[in-house]
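Asks: Residue numbers (the numbering used here): 1024 to 1561. Beta carbons: idealized from backbone N, C-alpha and C, even for Gly. Below you'll find the structure I mean.
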Amino acid sequence: MSRLRRESSRQSVITVELIQFIIQYRAKETQDKKKRRLADEDDELSEVQPDAVPPEVREWLASTFTRQMATSRRRSDEKPKFRSVAHAIRAGIFVDRIYRRVSSSALMQFPPDVVKLLKHLDDWTFDVFALAEAASGQVVKYVGYDLFNRYGILHKYKISPGVLENFLHRVEEGYCRFRNPYHNNLHAVDVMQSMHTSLCNTGLMNWLTDLEIFASLLAALIHDYEHTGTTNNFHVNSRSDMAMLYNDRSVLENHHVSATFKMLKDDDCNILAHLSREEYRELRTLMIDMVLATDMSCHFQQMKTMKQMITLQDSTIDKSRALSMVLHCCDISHPAKRWDVHHRWTMLLLEEFFRQGDLEQELGLPFSPLCDRKNTLVAESQIGFIDFIVDPSMTIFSDMLEYILAPIAPVLKPKPSPLLEESCEKQEGAVERPEVAKAAECTATNLRKSLTGDHPKFTIPKPWLPCLAENKKIWKEQAIKDAETRALAAAQEEQAAAEAEATKALTQSEDTETTEATTRPEPSTESSADATDAAATT
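Rendered as structure tokens:
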């Protein structure tokens, strides 16, 4: 900050007006702490009409995305973190810091087909299944190394390439331990890649420190580490050792982050070895918050809280809450990807559900929703998932990012947009200034507009919107076909039952006649002879 003041003083651009608006902005934040009073927890599916989805789908939504027991713990009011306008300016000036090229020595270790696919790692529609084929299944190894390197994390935190490779190998092993169809190393990379696109394609990285970016990518990578392929409800109902250990609360999520940090205690894979005590504590706290927030039973409360904070327009959204929201949305984002990718993920997840159902049947437990192989409405479940979970989540996700990033919009890109040039540079008496001075004045201008409410709305790219619409359309068409198939099958079963009943009735009638015929008494021989004699006498 002192360097910024010296630089700005030489250029005479830090005016009294700028200082006033910075003070006003900070004062506004202080008031936010007193004004923010969120409503009580409400995990009910209040917005889902009873007839909007089939009962089975509603039961699944209720059992998966709401809390089943009153075990939730209220958090005390968290102190929002504010990195100051100077940090926003610094982030804008060094916006290209994560675009450092991967060193040639590192690239040489990557198979050519993998390198080719990783060129599309910034795309929302990145296909992790194609990468798995090219990488012989070692997707964590290559994507993890690439992303940590391109964000400069190896250099910043003095991580040895060998230690990073050991760590990624252990993570890959942990994800493959239970051979899950869905919660495996591919899902880990899919979520990590989605987190990466959320950071770099929206400008969110400019709001974060290097340590927060590190924590975000790492949390996304390990958020389902050593997943058992069964749900939290299954662990609770089956009274598993894991449920006993974590007292039925966010059982899997607690294990994912706990097992990760336990593994990081080994020197050969400790990528956090060179963090200071303060850095380690901050990163660990942020990762715990983010991973625990992926517990689906927290979904509706998380959405409600964030929606209210955005609606208030005078609340400060702290980093932990915002990044937890981002990770949760990345975790459930496959319905917002291309149809071929989404459909494949859906089939894998259902197979994992069905395996749990088979296990529940063996243990004498009731089927969890969508876990019965013989009675699951696939298309209807995905329509309900998109309508009531994914679509609203992505809407709040984008609203949150636009709310957060609007104040630093002028420094999100190296080159300002025409609108920004007009508003920040083509003012009366404007002269050429160094980049630091330009960024400072543009940020102050944007803060002033943010406070007065007269600035154009800042928007982020939303590549998931067409995917959601297309996928929902296809599922609706499939639901109609499935309903027709079920109706035809039911009619055939009814007809077969009627025919079987008719056949049974006919058989019973024939059996009755046969029985009566065999039991009817025949006239005796003597009686016949007497009758003959009587006829002859006559």
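Classify residue 1231 as helix, strand or coil using the three-state DSSP reduction.
Replies: Taking the first residue of the sequence shown as 1, we reach residue 1231 at position 208. Coil.
Asks: I'd like to know if the region 1390-1398 and the region 1350-1370 are in contact, where contact means that at least 3 CB-CB pairs between them fall below 8 Å.
Replies: Output reads no: the region 1350-1370 does not touch the region 1390-1398.
Asks: Mind checking which residues open and close the alpha helix (DSSP H) that includes residue 1285?
Replies: Here residue 1285 is taken as the residue at index 262 of the sequence shown, counted from 1. Start and end: 1274-1286.
Asks: Does DSSP put residue 1420 in a helix, a strand or coil?
Replies: What you label residue 1420 is simply residue 397 of the sequence shown in a count that begins at 1. The answer is helix: DSSP assigns residue 1420 an H, G or I state.
Asks: Closest by CA to residue 1257, which one among 1243, 1280, 1414, 1272?
Replies: Position 234 of the sequence shown holds residue 1257. Ranking the options by Cα distance to residue 1257, first place goes to 1272.
Asks: Roughly how many angstroms lie between the CA atoms of residue 1380 and residue 1398, to the nearest whole one?
Replies: In the sequence shown, the residue the question calls residue 1380 occupies position 357. In the sequence shown, the residue the question calls residue 1398 occupies position 375. For residue 1380 and residue 1398, the distance between alpha carbons rounds to 11 Å.
Asks: Less than 6 Å between C-beta atoms, sequence neighbours within five positions excluded: which residues of the same chain meet that for residue 1541?
Replies: Counting from 1 along the sequence shown, the entry for residue 1541 is found at position 518. Same-chain partners within the cutoff: there are none.
Asks: Could you tell me the distance, in whole angstroms, from the CA atom of residue 1241 to the CA atom of residue 1173?
Replies: To locate residue 1241, count along the sequence shown from 1; it is residue 218. To locate residue 1173, count along the sequence shown from 1; it is residue 150. Their backbone Cα atoms lie some 14 Å apart in a straight line.
Asks: Output needed for residue 1212: all residues of its chain with C-beta closer than 7 Å, excluding positions within five of it in sequence on either side, in chain order.
Replies: If you number the sequence shown from 1, residue 1212 lands on position 189. Closer than 7 Å at the Cβ level, and outside the excluded window around residue 1212, lie 1151, 1162, 1163, 1166.
Asks: On the DSSP letters alone, give me the boundaries of the alpha helix (DSSP H) that residue 1333 sits inside.
Replies: Indexing the sequence shown from 1 puts residue 1333 at position 310. Note, residue 1333: alpha helix (DSSP H), 1322-1335.
Asks: With C-beta atoms as the reference, is residue 1089 less than 7 Å away from residue 1320?
Replies: Here the question's residue 1089 lines up with position 66 in the sequence shown. Here the question's residue 1320 lines up with position 297 in the sequence shown. Yes, Cβ-Cβ distance for residue 1089 and residue 1320 is below 7 Å.
Asks: Got a sec, what are the start and stop residues for the alpha helix (DSSP H) residue 1176 sits in?
Replies: Here residue 1176 refers to the residue found at position 153 when the sequence shown is read from its first residue. Element bounds for residue 1176: 1176-1179.
Asks: Under 7 Å, do residue 1178 and residue 1206 count as touching if we go by C-beta distance?
Replies: Residue 1178 sits at position 155 when you count from the first residue of the sequence shown. Residue 1206 sits at position 183 when you count from the first residue of the sequence shown. Taking 7 Å as the Cβ cut-off, residue 1178 and residue 1206 do not qualify as a contacting pair.
Asks: List the whole-angstrom C-beta distance separating residue 1287 from residue 1295, where the pair is believed to meet the contact cut-off of C-beta under 8 Å.
Replies: Along the sequence shown, one-based indexing puts residue 1287 at 264. Along the sequence shown, one-based indexing puts residue 1295 at 272. 6 Å between Cβ atoms; contact.
Asks: What is the residue span of the alpha helix (DSSP H) that residue 1364 lies within?
Replies: On the sequence shown, position 341 is the one that residue 1364 refers to. Segment 1362-1386, the alpha helix (DSSP H) holding residue 1364.
Asks: Please tell me whether residue 1329 and residue 1423 are closer than 7 Å, where the distance is taken between their beta carbons.
Replies: In the sequence shown, counting from the first residue as 1, residue 1329 sits at position 306. In the sequence shown, counting from the first residue as 1, residue 1423 sits at position 400. The answer is yes: Cβ separation under 7 Å.
Asks: Spell out a yes or no on whether the region 1223-1240 and the region 1257-1268 are touching, meaning 3 or more CB-CB pairs, one atom from each, closer than 8 Å.
Replies: No: the two stretches stay apart, fewer than three of their Cβ pairs being nearer than 8 Å.
Asks: So which of 1141, 1146, 1147 has the shortest CA-CA distance to residue 1155?
Replies: Indexing the sequence shown from 1 puts residue 1155 at position 132. Cα-wise, what sits closest to residue 1155 is 1141.
Asks: Is the region 1194-1209 in contact with the region 1341-1357, if contact means three or more CB pairs nearer than 8 Å?
Replies: No: fewer than three Cβ pairs fall under 8 Å.
Asks: Starting from residue 1087, trace the alpha helix (DSSP H) in both directions and tell me its first and last residue.
Replies: Translated into positions along the sequence shown, residue 1087 becomes position 64. Element bounds for residue 1087: 1078-1088.
Asks: Closest by CA to residue 1171, which one among 1485, 1508, 1188, 1086?
Replies: Sequence index remark: in the sequence shown, residue 1171 carries index 148 (1-based). Measuring from the Cα of residue 1171, the nearest candidate turns out to be 1188.
Asks: Take residue 1176 and list the residues in its own chain whose beta-carbon comes closer than 7 Å to its own, dropping the five residues that flank it on each side.
Replies: In the sequence shown, residue 1176 corresponds to position 153, counting from 1. Only 1182, 1237 meet the Cβ criterion.
Asks: Once you ignore the five residues that flank residue 1248 on each side, which residues in its own chain have a CB closer than 7 Å to its CB?
Replies: Stepping through the sequence shown from its first residue, residue 1248 is reached at position 225. Within the same chain, residue 1248 has close Cβ partners 1194, 1197, 1198, 1279, 1282, 1283.
Asks: Please report the distance separating the alpha-carbon of residue 1538 from that of residue 1528.
Replies: As a first step, residue 1538 must be located in the sequence shown, where it is residue number 515. As a first step, residue 1528 must be located in the sequence shown, where it is residue number 505. Spanning the two alpha carbons is a distance of roughly 15 Å.
Asks: Going by CA-CA distance only, name the one from 1502, 1395, 1190 that's closest to residue 1083.
Replies: Your numbering for residue 1083 matches position 60 in the sequence shown. Of 1502, 1395, 1190, the residue nearest in Cα terms is 1395.
Asks: Quick check on residue 1210: does DSSP put it in helix, strand or coil?
Replies: Looking up residue 1210 in the sequence shown gives position 187. In the structure shown, residue 1210 sits in a helix (DSSP, three-state: H, G or I).
Asks: Quick check on DSSP: helix, strand or coil for residue 1065?
Replies: As a working mapping, residue 1065 is identified with position 42 in the sequence shown. Because the pLDDT of residue 1065 is 47, which lies under 50, any placement of that residue in the model is unreliable, and the question is left without a value.
Asks: Just how far apart, CA to CA, sit residue 1235 and residue 1075?
Replies: Position 212 of the sequence shown, counted from the first residue, corresponds to residue 1235. Position 52 of the sequence shown, counted from the first residue, corresponds to residue 1075. Using only the alpha carbons, I get a separation of about 40 Å.
Asks: Thinking C-alpha only, which one of 1145, 1146, 1159, 1148 is nearest residue 1135?
Replies: Your numbering for residue 1135 matches position 112 in the sequence shown. The candidate whose alpha carbon is nearest that of residue 1135 is 1159.
Asks: Which of the three DSSP states, helix, strand or coil, is assigned to residue 1204?
Replies: The residue given as residue 1204 occupies position 181 in the sequence shown. Residue state, collapsed to three classes: coil.
Asks: According to DSSP, simplified to helix, strand and coil, what is residue 1135?
Replies: Against the sequence shown, residue 1135 aligns to sequence position 112. DSSP places residue 1135 in helix when its eight states are reduced to three.
Asks: Within its chain, find whatever has a CB closer than 7 Å to the CB of residue 1243; leave out the 5 residues flanking it on each side and keep chain order.
Replies: If you number the sequence shown from 1, residue 1243 lands on position 220. Within the same chain, residue 1243 has close Cβ partners 1214, 1215, 1218, 1350, 1353.
Asks: Report the residue from 1297, 1263, 1367, 1259 whose alpha carbon sits nearest the alpha carbon of residue 1186.
Replies: Indexing the sequence shown from 1 puts residue 1186 at position 163. Out of 1297, 1263, 1367, 1259, 1297 has the C-alpha closest to the C-alpha of residue 1186.
Asks: Around the Cβ of residue 1078, are there at least 16 other Cβ atoms within 10 angstroms (buried) or fewer (exposed)?
Replies: Against the sequence shown, residue 1078 aligns to sequence position 55. Counting Cβ neighbours within 10 Å, residue 1078 comes out exposed, since fewer than 16 surround it.
Asks: Compare the C-alpha of residue 1491 against each of 1533, 1506, 1513, 1365 and name the closest.
Replies: Here residue 1491 corresponds to residue number 468 of the sequence shown, with the count starting at 1. Closest by alpha carbon: 1365.
Asks: Is the beta carbon of residue 1374 closer than 7 Å to that of residue 1502?
Replies: Stepping through the sequence shown from its first residue, residue 1502 is reached at position 479. Stepping through the sequence shown from its first residue, residue 1374 is reached at position 351. Cβ distance not < 7 Å, so residue 1502 and residue 1374 don't count as in contact.
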